[in-house]
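Visitor:
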Amino acid sequence: MADSEATVAVHEPDLRHHFDDSAQQLDSSTLGMWVFLVTEVMFFGGMFGAYTVYRNMYPDAFASTSHFMNVTIGAINTGVLICSSFTMVLAVRSAQLGQKKAIIAFLVLTLILGCVFLSLKYVEYHEKWVDHHIPGPSFQYQDPRYVHQAQILFFLYFAMTGMHAIHMIVGAGLLTTLIVMAARNRFSSAWYTPVEMIGLYWHFVDIVWIFLFPLLYLIGHTK
Amino acid sequence: MSHQVVPVKVYAAVFGALLALTITTVAVSKLDLGEYNFIAAMTIAVIKATLVVMFFMDVRHATSMTKLFVGAGLFWMTILLVFVLSDYLSRGWLPGLRWL
Amino acid sequence: MSTALPFAQTETRSNYLNVDYGWKSWLFTTDHKRIALLYLFSITAFFFVGGAFAVGMRLNLLTPEGLFAHDTYNKLFTMHGIIMVFFFLVPSIPATLGNFLVPIMIGARDLAFPRINLLSWYLYIIGGVIALTAVVQGGVDTGWTFYAPFSSTYSNTHVILTAIGVFVSGFSSILTGLNFIVTIHTMRAPGMTWGRLPLFVWGHYATSLIQVLGTPVIAITLVLLGLERILHAGIFDPAVGGDPVLFQHLFWFYSHPAVYIMILPGMAVISEIIACFSRKSIFGYTFVAISSIAIAVLGFLVWGHHLFVAGQSMYASMVFSFLSFLVAIPSAIKVFNWTATMYKGSVSYETPMLYAFGFIGLFTIGGLTGLFLATMAIDVHVTDTYFVIAHFHYVMVGGMVMAYLGGIHFWFPKISGRMYPEGWAKFAALIVFVGFNLTFFPQFILGYQGMPRRYAHYPPEFQVLNVMSTAGASILAVGYLIPMIYLAWAWRNGPKAPQNPWNAKGLEWEQSPTPPPTFNFDHQPVVTEPAYNYSGEEQEVELGRQ
């Protein structure tokens, strides 16, 4: 047993000792990442639940807030994230093929696109600050019928997009780590698990935005 | 690793579809379809999400266990949404007691 | 075919305890067995902290006019609940016995993600320290249920700090569950099919599903609560358009399945103990395994039974009531199957089995009273009374804690390599049983007669039963202290344990040395027989093969 472990260890340097072989290790990593993403679905799900309840309760108030959502920035950001998912999947593909320079190039592109998203988000948040739409003591709303309900919507807007942005920032950090690892030749076509796993995470964050965009920006008919 | 390598063309096609659907959803939101605005937006979002899950996250080649977990996650969030909403939607159904 | 190991491992043999010494080897370990002991130590500490708050409460309730100020009493029951639920009950068996035994029972060398396992313990400690900081700073008085708008708007205690502590420890729970799910799926030894898994593993798998699916929801709920407390946007405040019932929906979506996180591992332990001390395979193995999964799934569909009088719609309440009846069925199936296992079995009465008997009786009472509460017509009268308190203490303390103690005694030889003193252990079990019933049975009567929960004062006619309850609590406290003493003593000075003191089946007893080496096995186990193959061995003896 010890002998065969040592032999395996020599051939598969990235095999951790409690696994029997790298297929088992990869299966574990993949299932582990998917289970984690399921927890993330439930985490965001709670906020989607709150949103659903209040939109059902106050449909007109929610529709009135759509005037103040910057659909242009929202749409551009949606496009930016979709591009970043594309570059991310190309990064994983490059890793599959052992193309070090391509891995780094696509990861860097993904990171840049992520930063573009966050910058545009900052612009949007700043707009909201100027408009006094940040919930709290300084909140003001133009339509006196809907002041309270609108504040609830904006609270959910900031909670949901803010939580999403935090996940993007974490993702940016993970991408940076991947870039450094790739530059140090850690990946080969035999082992590129972190690229694949963080790819899954990145796509998930994209999917959350795919739902946030219509729910927060495209409510009701823009009169 | 034994994943088959997917041609760039496939990814590019999915990418194009996602962008096209984004443009579509913005365009549709500018029309007044009443209740159907929401349904259209959500349908398009689900299609986009499915494309990302199936192609970018490679679930179409994944094991049944992975597919089961993906389904379970979505199903559980649905439980939360449906059961909570069912409380709010069924309030006031009892004649005479408007708040229950 | 079981490769039984030689009798009496001597102390010169390397095992997970003596392989390395020093605080770094413990605090930076990735060995699931050492991490289990780290958890055991910290969870026990939190148990006694939570218990201290209970002592304060029961002292207050000795007299109708009480001992403490109302606000202080509010803090006592809040902190008792928070510490007991989030820092004792939820992690207890999975983080200690589960961490130790799941890899060994499936024939693996460790969990799938050993470093995440260690991170999980650190998150638990950080969350616990944050919560204790809140306690020291003056505590929280919202009740462990944090109902809005009191918690979001009107309470002037350390809600956010406590919420952060619970939030962080929630991630500990999620990571443990994630680790177990992946481990059980991908790291079973050759021949260990799902159908041969010990029911202990099935129970922990079901528990892990709940941890992974439910805990994130309370995490986000606490985030929203914290943000609301800071911004006062109104998400849960009716004065500004919000709905406090929404908070209750989101809170109980996790907190009801959480009680199944607490009880399923207890049931998992009981299955192992009953099989061993009846010398029989669990009756209806498949039904018990599927019931664990059924409890996990159905447990997510019943949370509205906590909202019957909160303003939830009548129709939603009826649906939740019906589903709550359904979720009792798999639990009942388990109780029937354990009983059937003992029938015509060769039953012996060692300490673990005494705790198992206690579990079956007390859990049944607790479970049946849960059905009373699920019945809306009864619930409107006994909700928020001591009836509810008695119900959940019967299942949690009479059930879960007894299972925990039973499991600790059952696997103590495996974990420590030594035997505990059986006489003292039986005595303590008896004290626990008597103390428990004297504490909580009167509370059923109090609740039924209308004494509300969370009240610092009560009408004088309730005093006799309250005094009985407090007396019982003092006996129960003694019952819990005695094992602390003899187990600590036995850890160092108990007689060396043989390889398999109970002659139990299972990879942890038959193929892993006592105590186990760091990688659990000397040789990769290959599994060829079903779980609990007690009758198989007897048949072989009869046929003269052994």
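Protein chains in written order, with the working numbering: chain A, 1 to 223; chain B, 224 to 323; chain C, 324 to 869.
Cβ atoms here follow ideal geometry from the backbone N, Cα and C, with glycine treated the same way.
Since isoleucine 152 of chain A meets chain D, which of its residues come closer than 7 Å, beta carbon to beta carbon?
Guide: No chain D is present in this structure, whose protein chains are A, B and C.
Visitor: Can you tell me whether DSSP reads serine 188 of chain A as helix, strand or coil?
Guide: The residue given as residue 188 of chain A occupies position 188 in the first sequence. Strand.
Visitor: Identify the contact partners of proline 214 of chain A in chain B, using a Cβ-Cβ distance below 8 Å as the criterion.
Guide: Position 214 of the first sequence, counted from the start, is the residue given in the question as residue 214 of chain A. Correct list: Thr248, Ser252, Ala264, Met265, Ile267 and Ala268.
Visitor: Could you say which of C:Phe423, C:Ala418 and C:Arg381 lies nearest to histidine 403 of chain C if we only look at CA atoms?
Guide: Reading the third sequence from its first residue, position 80 is the one you call residue 403 of chain C. The candidate whose alpha carbon is nearest that of histidine 403 of chain C is C:Arg381.
Visitor: Within 10 angstroms of its Cβ, does lysine 232 of chain B collect 16 or more other Cβ (buried), or is it exposed?
Guide: Taking the second sequence and counting its residues from 1, the one referred to as residue 232 of chain B is at position 9. Per the 10 Å Cβ criterion, exposed.
Visitor: Is it buried or exposed, arginine 868 of chain C, if we count other Cβ atoms within 10 angstroms and call 16 or more buried?
Guide: As a first step, residue 868 of chain C must be located in the third sequence, where it is residue number 545. Reliability fails at arginine 868 of chain C, whose pLDDT of 46 lies under 50, so the model's placement of it is uncertain and the value that follows must be treated cautiously. With fewer than 16 other Cβ atoms within 10 Å, it is exposed.
Visitor: Run down chain B in chain order and give the residues with a C-beta less than 9 Å from the C-beta of histidine 508 of chain C.
Guide: The sequence position of residue 508 of chain C within the third sequence is 185, counting from 1. Going along chain B in sequence order, the residues near histidine 508 of chain C (Cβ under 9 Å) are Met288.
Visitor: Check whether the Cβ of threonine 52 of chain A lies closer than 8 Å to any Cβ atom in chain C.
Guide: Translated into positions along the first sequence, residue 52 of chain A becomes position 52. Closer than 8 Å: no.
Visitor: Residues of chain A with a CB under 7 Å from the CB of isoleucine 543 of chain C: which are they?
Guide: Working through the third sequence from its first residue, we reach residue 543 of chain C at position 220. Within chain A, the residues near isoleucine 543 of chain C are Phe43, Gly46 and Met47.
Visitor: Threshold first: 4 residues or longer. Then list the alpha helix (DSSP H) segments lying entirely within the stretch 642-719 of chain C, N to C.
Guide: Runs of the alpha helix (DSSP H) inside the stretch 642-719 of chain C: 674-697, 699-705 and 709-716.
Visitor: Tell me, to the nearest whole angstrom, how far the beta carbon of leucine 573 of chain C is from that of threonine 544 of chain C; I am working on the premise that it is less than 8 Å.
Guide: As a working mapping, residue 573 of chain C is identified with position 250 in the third sequence. As a working mapping, residue 544 of chain C is identified with position 221 in the third sequence. Going by Cβ atoms, the distance from leucine 573 of chain C to threonine 544 of chain C rounds to 4 Å, so yes, they are a contact pair.
Visitor: Check each candidate in C:Thr841, C:Leu484, C:Ser475 and C:Ala435 and name the one with the smallest Cα separation from valine 459 of chain C.
Guide: Reading the third sequence from its first residue, position 136 is the one you call residue 459 of chain C. For valine 459 of chain C, the nearest C-alpha among the options comes from C:Leu484.
Visitor: Are the CB atoms of serine 415 of chain C and isoleucine 366 of chain C nearer to each other than 8 Å?
Guide: Taking the first residue of the third sequence as position 1, residue 415 of chain C is located at position 92. Taking the first residue of the third sequence as position 1, residue 366 of chain C is located at position 43. Closer than 8 Å, so yes.
Visitor: Would you kindly report the start and end of the unbroken alpha helix (DSSP H) that includes proline 230 of chain B?
Guide: Translated into the one-based positions of the second sequence, residue 230 of chain B becomes position 7. Careful: proline 230 of chain B lies outside any alpha helix (DSSP H) and carries neither H nor E.
Visitor: Pull up the DSSP beta-bridge partners for proline 775 of chain C, would you.
Guide: Sequence index remark: in the third sequence, residue 775 of chain C carries index 452 (1-based). Answer is C:Thr708, bridged to proline 775 of chain C.
Visitor: So if I threshold CB-CB distances at 9 Å, which residues from the stretch 624-642 of chain C count as touching chain B?
Guide: Of all residues in the stretch 624-642 of chain C, Leu624, Trp626, Gly627, Leu630, Gly634, Gln635, Ser636, Met637, Tyr638, Ala639, Ser640 and Val642 have a Cβ within less than 9 Å of some Cβ in chain B.
Visitor: Have a look at B:Val276, B:Asn260 and B:Leu320 and flag the residue whose alpha-carbon is nearest the alpha-carbon of leucine 241 of chain B.
Guide: Locating residue 241 of chain B in the second sequence gives position 18, counting from the first residue. That would be B:Val276, whose Cα lies nearest to the Cα of leucine 241 of chain B.
Visitor: Write down the C-beta distance between serine 443 of chain C and serine 495 of chain C rounded to the nearest angstrom, noting that I regard them as a contact closer than 8 Å.
Guide: What you label residue 443 of chain C is simply residue 120 of the third sequence in a count that begins at 1. What you label residue 495 of chain C is simply residue 172 of the third sequence in a count that begins at 1. About 5 Å separates the two Cβ atoms, so the contact holds.
Visitor: Nearest chain B C-beta to isoleucine 210 of chain A closer than 8 Å, yes or no?
Guide: Here residue 210 of chain A is taken as the residue at index 210 of the first sequence, counted from 1. Closer than 8 Å to some Cβ of chain B, the Cβ of isoleucine 210 of chain A qualifies, so yes.
Visitor: So histidine 36 of chain A contacts chain C; which residues on that side make the cut at Cβ distance below 7 Å?
Guide: On the first sequence, residue 36 of chain A is found 36 positions in, with the first residue counted as 1. Strictly speaking, residue 36 of chain A in this sequence is phenylalanine, with histidine absent from that position. In chain order: Leu501.
Visitor: Taking the runs of the beta strand (DSSP E) that are 3 residues or longer, which of them lie wholly in the stretch 765-839 of chain C?
Guide: None, since the stretch 765-839 of chain C contains no complete beta strand (DSSP E) of that length.
Visitor: Where does valine 228 of chain B land, buried or exposed, given buried means 16+ other C-beta within 10 angstroms?
Guide: Walking along the second sequence from the start, residue 228 of chain B turns up at place 5. With fewer than 16 other Cβ atoms within 10 Å, it is exposed.
Visitor: Can you give me the C-alpha to C-alpha distance between threonine 39 of chain A and valine 170 of chain A, rounded to a whole angstrom?
Guide: Here residue 39 of chain A refers to the residue found at position 39 of the first sequence. Here residue 170 of chain A refers to the residue found at position 170 of the first sequence. Rounded to whole angstroms, threonine 39 of chain A to valine 170 of chain A spans 16 Å at the Cα level.
Visitor: Which residues in chain B have a C-beta closer than 9 Å to the C-beta of valine 205 of chain A? List them in chain order.
Guide: Working through the first sequence from its first residue, we reach residue 205 of chain A at position 205. The contacting residues do not exist; valine 205 of chain A stays about 11 Å from chain B at best.
Visitor: Out of A:Ile219, A:Tyr217, A:Leu218 and A:Ile210, point me to the one whose CA is closest to phenylalanine 44 of chain A's CA.
Guide: Against the first sequence, residue 44 of chain A aligns to sequence position 44. Among A:Ile219, A:Tyr217, A:Leu218 and A:Ile210, the Cα nearest to that of phenylalanine 44 of chain A is on A:Ile210.
Visitor: State yes or no: is the C-beta of valine 282 of chain B within less than 8 Å of the C-beta of valine 269 of chain B?
Guide: As a first step, residue 282 of chain B must be located in the second sequence, where it is residue number 59. As a first step, residue 269 of chain B must be located in the second sequence, where it is residue number 46. Not in contact: valine 282 of chain B and valine 269 of chain B (Cβ atoms no closer than 8 Å).
Visitor: Going by DSSP in three states, arginine 741 of chain C sits in which element: helix, strand or coil?
Guide: In the third sequence, counting from the first residue as 1, residue 741 of chain C sits at position 418. The answer is strand: DSSP assigns arginine 741 of chain C an E or B state.
Visitor: Within 10 angstroms of the Cβ of asparagine 185 of chain A, are there 16 or more other Cβ atoms? Answer buried if so, exposed if not.
Guide: Position 185 of the first sequence, counted from the first residue, corresponds to residue 185 of chain A. Per the 10 Å Cβ criterion, exposed.
Visitor: Along the alpha helix (DSSP H) that carries threonine 465 of chain C, what are the first and last residues, could you check?
Guide: As a first step, residue 465 of chain C must be located in the third sequence, where it is residue number 142. Note, threonine 465 of chain C: premise wrong, no alpha helix (DSSP H); not H, not E.
Visitor: Give the residues from the stretch 425-437 of chain C that approach chain A closer than 9 Å (Cβ to any Cβ), ordered along the chain.
Guide: Against chain A - using a Cβ distance shorter than 9 Å - the residues of the stretch 425-437 of chain C are Pro426, Ala431, Arg432, Asp433, Leu434, Ala435, Phe436 and Pro437.
Visitor: When you compare the CB of alanine 165 of chain A with every CB in chain B, is at least one pair closer than 8 Å?
Guide: Counting from 1 along the first sequence, the entry for residue 165 of chain A is found at position 165. Taking Cβ atoms only, chain B never reaches closer than 8 Å to alanine 165 of chain A, which makes this a no.
Visitor: Cα-Cα, which of C:Asn338, C:Ala633, C:Pro765 and C:Leu587 is closest to arginine 314 of chain B?
Guide: Here residue 314 of chain B refers to the residue found at position 91 when the second sequence is read from its first residue. The candidate whose alpha carbon is nearest that of arginine 314 of chain B is C:Ala633.
Visitor: Can you give me the Cβ contacts of asparagine 77 of chain A inside the same chain, cut-off strictly under 6 Å, excluding the 5 residues immediately before and after it?
Guide: Here residue 77 of chain A refers to the residue found at position 77 when the first sequence is read from its first residue. Closer than 6 Å at Cβ, skipping near neighbours: Phe117 and Leu120.
Visitor: Check whether chain B comes within 8 Å of histidine 572 of chain C, counting only Cβ atoms and requiring the distance to be less than that.
Guide: As a position in the third sequence, residue 572 of chain C is number 249, starting the count at 1. Chain B contact via Cβ: present.
Visitor: Find out if the Cβ-Cβ distance for the pair phenylalanine 610 of chain C, isoleucine 652 of chain C is shorter than 8 Å.
Guide: On the third sequence, position 287 is the one that residue 610 of chain C refers to. On the third sequence, position 329 is the one that residue 652 of chain C refers to. Not a contact, by the Cβ cut-off of 8 Å.
Visitor: Which residues of chain A have a Cβ atom closer than 7 Å to the Cβ of methionine 280 of chain B, listed in chain order?
Guide: By 1-based counting over the second sequence, the position of residue 280 of chain B is 57. By Cβ distance, chain A contributes Leu200 and His203.
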